[in-house]
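Peer 1:
2 protein chains.
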Amino acid sequence: MKITILGTGGGARAHSAKLLELGHKVIVGTRDVQTTLARTEPDVMGTPPYRDFLAEHPRVTLMTFGEAAAAADEVVINGIDGHNAVAALSAIADQLQGKVLIDYGVPYLYAHQPVHPWPTPWGIMPKLEPCDTDSLAEQIQRALPRTRVVKSFVTQEQTTVVDPASIAGGDHTMFVAGDDLDAKDQATSLLQAYGWSDILDLGPLVSARGMEMYAHIHSAIGFALGYQFGGHFGLKVVR
Amino acid sequence: MKITILGTGGGARAHSAKLLELGHKVIVGTRDVQTTLARTEPDVMGTPPYRDFLAEHPRVTLMTFGEAAAAADEVVINGIDGHNAVAALSAIADQLQGKVLIDYGVPYLYAHQPVHPWPTPWGIMPKLEPCDTDSLAEQIQRALPRTRVVKSFVTQEQTTVVDPASIAGGDHTMFVAGDDLDAKDQATSLLQAYGWSDILDLGPLVSARGMEMYAHIHSAIGFALGYQFGGHFGLKVVR
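Just so you know, the sequences run in chain order A and B.
Everything in the first sequence is counted per this note's numbering, starting at 1 for the first residue and increasing by one.
Everything in the second sequence is counted per this note's numbering, starting at 1001 for the first residue and increasing by one.
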């Protein structure tokens, strides 16, 4: 299948590499192709420049967001950061029409604050916007009524999402939520191809609120286990 | 030990019964003893009148909130509902001075709305207040600076908190957070007496934010597994 990933960050790269490995044709969307290719230094997270990744994964096709969305057979993975996702996706609503959009964004504000306003004993405390009575996924779905939005992947680091077996042999839980059953089936199939066996359907897209709000305790668990950025642990719903 | 539980709801009863079973002297606090004893009908959640519980557990000593707090050797469990907790606890700040207060409240608003403002396909969607940049536990700690607040129990139904072995032989995870290490040790000892073996310290009380915000996905998981009110499942952090 031709699968599109929007975004060039670490999470988007994890999906790109895994989907190539699974034999898919991988199209990656970025805001401005020349700008993305012109970078030669690691970003603030220490992620190497994208052209290094492209050099290692020459089968990836890099296009603009709109071109990449239009080129997908059906499934598009949204790896645009949560703060910018609604605006960036709204601008390509026509190209996303009829597609399944799997969103794993967390609508953090902290990366966009000049000063982190919530210092904590273990560093910074993110703020979510929206939160509690709305979610990023619902905002995207309202902005793109002709696209079928599925929330998933969001309760894990993307390196673990594409390689669940790296933790406890893969015996942990992944969640999906969305208002379109067929779209959720496609997300579930993708997760199965990644190696997930315990995939729990949390129902309609409104459950994205809880999935995004889980980010707080996920960070706290990661810190408790000694990871500064992103934990290497799974979450198992034990029945 | 003389251990006090503030509140007479289902969660408070679960702790009361278990602590009696473990050989502790159990003191229960309520706003107005006569009003509590006068009720003869189940409440809106279907919980039987408290006098039925007292008849079955005659060793429980029922007192006012303030008397009960003062009577504890050291540990007080807060089972007052999240919406009323700060006001009720502030009124007995002197009696709680120097005590360890274990709080499991979720600051839900929905029970106090005449109309549920967030209908969802699976019922109602709670709203939390505070949320994201503050927590109930931090509010309580600020209101009671001479009391050592620990957040725990909150990621589970209280019937499971007092009986972890009822799920998967007890192999799932409980969290504690708080700014006083000795107070956290006491909460941890209590959890061990309840049967918990996987107790993860999430650090300072600021982590209560994530623990309270987890309520959304906990509800969604419960619904997904087929429970209407409260799920019978555990959450295991898989390393």
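Glycine residues also receive a C-beta, built at the ideal position from the N, C-alpha and C atoms.
In the DSSP assignment, find the alpha helix (DSSP H) that holds Phe153 (chain A) and state where it starts and stops.
Peer 2: Segment: none, Phe153 (chain A) is in no alpha helix (DSSP H) and carries neither H nor E.
Peer 1: When the cut-off is 8 angstroms and only beta carbons count, does Gly195 (chain A) lie next to chain B?
Peer 2: False, the Cβ-Cβ gap to chain B never drops below 8 angstroms.
Peer 1: Which whole-angstrom value is the C-beta distance of Gln186 (chain A) and Glu74 (chain A), which I expect to be below 8 angstroms?
Peer 2: Indeed they touch by this definition, with Cβ atoms about 7 angstroms apart.
Peer 1: Give the secondary structure of Asp179 (chain A) by DSSP, where H, G and I count as helix, E and B as strand, and everything else as coil.
Peer 2: In the structure shown, Asp179 (chain A) sits in coil (DSSP, three-state: anything other than H, G, I, E or B).
Peer 1: Give me, in chain order, the residues of the same chain whose beta-carbon lies closer than 7 angstroms to that of Ala168 (chain A); leave out the 5 immediate sequence neighbours on both sides.
Peer 2: Closer than 7 angstroms at the Cβ level, and outside the excluded window around Ala168 (chain A), lie Gly234.
Peer 1: Under the DSSP definition of a beta bridge, which residues are partnered with Tyr108 (chain A)?
Peer 2: A:Leu128.
Peer 1: Alpha carbon to alpha carbon, how far is Thr1188 (chain B) from Ile1199 (chain B)?
Peer 2: So the two alpha carbons sit approximately 7 angstroms from each other.
Peer 1: How big is the Cα-Cα spacing for Pro1164 (chain B) and Val150 (chain A)?
Peer 2: Cα to Cα, Pro1164 (chain B) sits roughly 33 angstroms from Val150 (chain A).
Peer 1: Measure the alpha-carbon distance for Met1201 (chain B) versus Asp1182 (chain B) and round it to whole angstroms.
Peer 2: In the sequence as displayed, the identity of residue 1201 (chain B) is Asp instead of Met. Cα to Cα, the separation comes out at about 12 angstroms.
Peer 1: For the segment 172–206 of chain A, list every residue whose C-beta sits within 8 angstroms of some C-beta in chain B, in sequence order.
Peer 2: For the segment 172–206 of chain A, which is checked against every Cβ of chain B, the residues closer than 8 angstroms are His172, Phe175, Ala177, Leu200, Asp201, Leu202, Gly203, Pro204 and Val206.
Peer 1: What does Met1 (chain A) touch in chain B if you count any residue whose Cβ is under 7 angstroms from its own?
Peer 2: Per Cβ cutoff of 7 angstroms: no residues; Met1 (chain A) is ~28 angstroms from chain B at best.
Peer 1: Buried or exposed: where does Asp32 (chain A) fall if 16 or more other Cβ atoms within 10 Å of its Cβ makes it buried?
Peer 2: Its Cβ having fewer than 16 others within 10 Å, Asp32 (chain A) is exposed.
Peer 1: Roughly how many angstroms separate the alpha carbons of Asp132 (chain A) and Val86 (chain A), rounded to a whole number?
Peer 2: The alpha-carbon atoms of Asp132 (chain A) and Val86 (chain A) are separated by roughly 18 angstroms.
Peer 1: Which residues share a DSSP beta bridge with Asp185 (chain A)?
Peer 2: According to DSSP, which records beta bridges pairwise, Asp185 (chain A) is partnered with nothing at all.
Peer 1: Could you pull the start and end residues of the beta strand (DSSP E) that Gly1234 (chain B) belongs to?
Peer 2: Here the beta strand (DSSP E) through Gly1234 (chain B) covers Gly1234 to Val1238.
Peer 1: Rank A:Ala72, A:Gly105 and A:Gly10 by C-alpha distance to the C-alpha of Ala88 (chain A) and give the top, closest one.
Peer 2: The option with the nearest alpha carbon to Ala88 (chain A) is A:Gly105.
Peer 1: Listing by chain order, which chain A residues have their CB less than 7 angstroms from the CB of His1083 (chain B)?
Peer 2: Per Cβ cutoff of 7 angstroms: no residues; His1083 (chain B) is ~15 angstroms from chain A at best.
Peer 1: Near Val161 (chain A), what residues of its chain come up, given a Cβ to Cβ distance below 6 angstroms and the 5 sequence neighbours on each side ignored?
Peer 2: Counting only Cβ-Cβ distances below 6 angstroms, and skipping sequence neighbours, we find Phe153.
Peer 1: Using a Cβ-Cβ distance cut-off of 8 angstroms, determine whether Ile221 (chain A) contacts chain B.
Peer 2: For Ile221 (chain A), the answer is yes, since a Cβ of chain B falls inside 8 angstroms of its Cβ.
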